[in-house]
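With my numbering as the guide, the letters of the sequence shown map in order to residues 42 to 326. Shown next, in structure tokens, is the structure this report addresses.
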Amino acid sequence: MLSLDVEAVQAFVMVADLQSFTRAADALGTTQAAISVKLKRLEEKVGRKLIERTPRHVRLSAEGAVFIQPAREFLVAHDRAVAGLFSCARRFALGIAAHVAGPEVTTLLARLNEHDPALTIEVQVDNSRNLLDAFDRGELDAAIVRREDDRRDGEVLGPEHFGWFAAPNFRCRPDEPIRLAALSPACGVRDIGTHALDDAGIAWTEVFLGGGSSVVMAAVSAGLAMAVFSERLAPVGTVEVSRRFNLPPLPSSEIVLHSTLTDQRSRDALRTIACAFREHRAAAA
């Protein structure tokens, strides 16, 4: 009877999702050579070529495309079986910055639940500064935030690029200050925009402050103002308007995962979070 090695199947799924042996190795905390060996053994075991690899591309073969979904189900079943042996209710408090939380959060939560069904997941959404303060006070087990100031700790999950976005019909006369919408006066993304405008000598005024990202997006989509958004999270239907209004370029930042947890179950949960976040961004790209 054919039996599958869990780590080999996990390596195959990660390579397929991230389309990179290097990124898969980073996500699984191993080396590219180890990933290659595991994949080769899996292909020899099943007698099929699962991954097509060229100097420029890594993609599923026709046989790999057939096997990918059963492989995912195999890993989920394995994780649930293992979790059942050690199941005990446990709380995991996760903070996600409002200007970071996007479509990948669904994938992230689903993977956390698959990894540890006994986990009670608590999610707090706020601006990066407030979440870092809560994390430093020990109120959060982990926080996914935008890089703040000169703080260099944490695991980088990926770059974050920003732009000026407004509704297509947004108008602002040359003699008027730039009309801005923002999440709150303490929002770091707001500061990226206002500092850039101040450095360029461009007058601005805040005409809308929202209590959440959704209402700021609504204000911008309604044509009340423009706002700084991550390029991946700009409201549907809005357009980048930096050229139209001669606005200054905005510096890029990084998305960072902070945690001080050291027990194995927590470390596994954190790796699941990081992999899910990177996987979704890679798929979107």
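From the three backbone atoms N, C-alpha and C, an ideal C-beta is built for every residue, glycine too. Nothing here was measured: the structure is a model prediction, and the numbers come from that model.
Relative to residue 84, the option among 217, 97, 67 and 102 whose CA is nearest is 102. For residue 207, the CB contacts under 8 Å within the same chain, skipping 5 residues up- and downstream, are 261, 264, 266, 267, 268, 279, 280 and 282 in chain order. A residue is called buried when at least 16 other Cβ atoms come within 10 angstroms of its Cβ; residue 141 meets this threshold and is buried.
In the structure shown, the three-state DSSP call for residue 243 is coil. The shortest CA-to-CA distance from residue 304 to any of 182, 174, 70 and 219 is the one to 182.
Excluding its 5 nearest sequence neighbours in each direction, residue 165 has C-beta neighbours in its own chain below 6 Å: 136, listed in chain order. The beta carbons of residue 152 and residue 317 sit about 4 Å from each other, so the pair counts as a contact at 8 Å. Here DSSP, grouped into helix, strand and coil, assigns residue 313 to helix. Contact between residue 90 and residue 49 does not hold, since their C-beta atoms are separated by about 14 Å, which reaches or exceeds 8 Å.
Here residue 69 is near residue 312, since their CB atoms are less than 9 Å apart. Judged by DSSP in its simplified three-state form, residue 204 adopts strand.
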